[in-house]
Amino acid sequence: MPAQTAPVDPYALTREGLEELVAELGEPRYRADQVHGWLVRGVDDPDEMTDLPKEFRATLGERFAPARPELVAHQVADDGHTHKLLLRFPDGEAIETVLMLYPRRATVCISTQAGCALGCPFCATGQAGFRRQLTAGEVVRQVVVADAALRSGVIDEQALPDGAPDHVTNVVYMGMGEPLANLPVTLASVRWLHDPEGFNLSARSITVSTVGLVPGIRRLAELGLPVTLAVSLHAATDDLRDELVPINVTHPLAELEEAVRDYRRTTNRRVSIEWCLIGDVNDDDRQADALARIARRLRAHVNIIPMNPTPGVRWKEPSATRTRAFVERVGNRGVEVTLRDTRGRDADAACGQLLASYTLGAGTRLPAAVGAADRVTEFAAASGSTESTEGDEVAG
Ligand code: SAH
Ligand code: SF4
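My numbering applies: residue 1344 is where the sequence shown begins, and numbers increase by one.
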């Protein structure tokens, strides 16, 4: 093998790619199965792949370049039910991952891009602009890290809700970035997370949130895995949506609605509509009625999320009266609607806003793998040495 061959992120390899690599390294095909078996369990350090021969582990170690982040901030909110992790990759880019704990659910909200190019004017990630795409490894790794935190008991058991699982059960692509603007990586990471030999998440427990990239919605439908689609609508008329969600100029509402309807038909999955409610901007009766019409046509569930005030954003959250009136009006028009609280653990519809509120501190390395018992202390040390703040700040 030529010495100049570039190292490869193991989670960026397809199964065929892995088999080719194993063949190139002169090993029998079943080694690819062994390596795959470790990867789907979150282990990407060949040193830990204990059923491989020592020399092969060393060769693989030279070829693999796993995307291991450092934990630079760990914020605990909502009585220990929400854990917000700020992770920094070796090139210095930082992203946010949020773990939310419920009685029968442990949901991780993951990022797909450092920053976002789509510039929605109410969104903190959008204000920061686009930094770079995350790799499939960096996306999967966020689930690995959250899972490791849960399994290793780092999270205070006293604080866990009764019946909280000890592993990740749900993943939402609602962190930083637009998943469908990093489509190959989003699709690859969904496949990894779904793999029955590993993370084994059912398609319905994976939610991909999009601001409405129509070609991406169509490609997601072709994946053949009925993942839950969440569409960040925020405005139900083109005039307003052009302003709140600039990509609407390229893919206006009618086109988006058609793609979402097709997604529902192809996958047989109910779609949800996310609506960030902004005071005096999209909280009026006209928008409520237009939203209800779209939601009814799509048979979609609507989640209303009062806007989080964000530094540099001139808009504000709506009044409680306006919020109640808006939710009731949509509900009275025959739509299933939920009011979500952006504070604390109800925040799974609105992550992605964490980075702006942090000053990056010196980081510590996170454990590499899920469930590795000998890593417990290491993770505890990593978490303990970073700033932890209590409070009910917004998770989204
Ligand atoms: N780019 C995708 C995935 C990120 S999800 C998308 O936009 O759907 C991030 C979620 O947080 C979106 O539903 C977004 O509308 C919401 N959000 C962004 N800024 C917010 C704010 N200031 N307050 C509340 N929710 C916000
Ligand atoms: Fe990007 Fe979504 Fe924020 Fe819009 S709301 S800027 S698409 S992350």
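Just so you know, even glycine gets a beta-carbon here, dropped at the ideal spot from N, CA and C.
Remember, it's a predicted structure, so these values are computed and weren't measured experimentally.
Cβ neighbours of residue i in the same chain (closer than 6 Å, five flanking residues each side left out)
i: A1638; result: I1616, V1645 and V1678
i: G1472; result: G1458
i: A1635; result: V1673, R1676 and V1678
i: Y1606; result: I1560, A1564 and L1572
i: L1587; result: H1577 and A1578
i: A1531; result: A1479
i: V1365; result: R1374 and A1375
Cα-Cα separation, residue i to residue j
i: A1484; j: V1351; result: The displayed chain sequence assigns Arg, not Ala, to residue 1484. Answer to the nearest angstrom: the Cα atoms are 15 Å apart.
i: A1711; j: V1486; result: A caution first: A1711 carries a pLDDT of 30, below 50, which makes its placement in the model too unreliable to give a value.
i: Y1354; j: A1479; result: 6 Å
i: S1552; j: A1401; result: 39 Å
i: E1773; j: P1508; result: The displayed coordinates of the chain run from 1344 to 1739. Any statement about residue 1773 would go beyond what the structure contains.
i: E1660; j: F1542; result: 37 Å
i: P1396; j: G1385; result: 20 Å
i: E1359; j: N1591; result: 38 Å
i: P1446; j: G1506; result: 5 Å
i: V1415; j: R1640; result: 44 Å
i: V1656; j: A1467; result: 8 Å
i: E1367; j: R1406; result: 11 Å
i: V1482; j: T1664; result: 39 Å
i: Y1701; j: Q1470; result: In this prediction, Y1701 scores a pLDDT of 41, lower than 50, which makes its location untrustworthy; the coordinate-derived value is nonetheless stated afterwards. Their Cα atoms are separated by approximately 15 Å.
i: T1550; j: R1431; result: 24 Å
i: R1311; j: A1643; result: This structure does not reach residue 1311, given that the chain is present from 1344 up to 1739, and the question cannot be answered.
i: L1356; j: Q1377; result: 14 Å
i: G1555; j: L1428; result: 27 Å
i: A1349; j: E1439; result: 28 Å
i: M1443; j: P1589; result: 30 Å
i: V1557; j: A1602; result: 6 Å
i: N1513; j: R1604; result: 24 Å
Endpoints, beta strand (DSSP E) assigned at residue i
i: V1574; result: T1571 to S1575
i: Y1445; result: A1437 to Y1445
i: V1557; result: Taken as a continuous stretch (DSSP letters only), V1557 belongs to no beta strand (DSSP E), being part of the alpha helix (DSSP H) at V1557 to E1565.
i: T1425; result: T1425 to R1431
i: L1682; result: V1680 to L1682
i: E1413; result: E1413 to A1420
i: A1457; result: Q1456 to G1458
Residues near residue i by beta carbon distance below 7 Å, same chain, minus five either side
i: L1526; result: G1559 and R1562
i: V1670; result: I1647, V1680 and L1682
i: V1511; result: A1449, V1451, V1486, A1489, D1490 and L1493
i: E1436; result: A1457, R1474 and R1475
i: A1546; result: H1537, L1568, P1569 and V1570
i: D1585; result: N1591 and V1592
N- and C-terminal bounds of the alpha helix (DSSP H) containing residue i
i: R1636; result: D1628 to L1641
i: H1379; result: Y1373 to L1382
i: K1659; result: Element bounds for K1659: n/a, residue is neither H nor E.
i: E1398; result: K1397 to R1406
i: T1450; result: No alpha helix (DSSP H) holds T1450; the beta strand (DSSP E) holding it covers R1448 to C1452.
i: G1469; result: A1467 to A1471
i: V1551; result: That residue, V1551, is in no alpha helix (DSSP H); its beta strand (DSSP E) goes I1549 to T1553.
i: E1598; result: L1596 to T1610
i: V1365; result: R1358 to E1367
i: E1586; result: D1581 to L1587
8 Å CB neighbourhood of residue i in its chain, flanking five on each side removed
i: D1499; result: G1423
i: E1362; result: R1372 and A1375
i: G1622; result: M1650, W1658, K1659, E1660, P1661, S1662 and R1665
i: L1703; result: Only weak support exists for where L1703 lies, its pLDDT of 28 falling under 50; the coordinates are left without a value.
Residue i CB to nearest heavy atom of the ligand MG below 6 Å
i: I1648; result: Only the ligand SAH and the ligand SF4 can be found as ligands here, which leaves the ligand MG out of the picture.
| Which parts of the region 1491-1546 are runs of the beta strand (DSSP E), unbroken and 3 residues or longer, counting only runs that do not cross its ends? | 1513-1516
| message | Taking 5 Å as the limit, name every residue whose beta carbon sits nearer than that to some heavy atom of the ligand SF4, in sequence order. | response | C1459, L1461, C1463, C1466, T1468, G1469, E1521 and V1554
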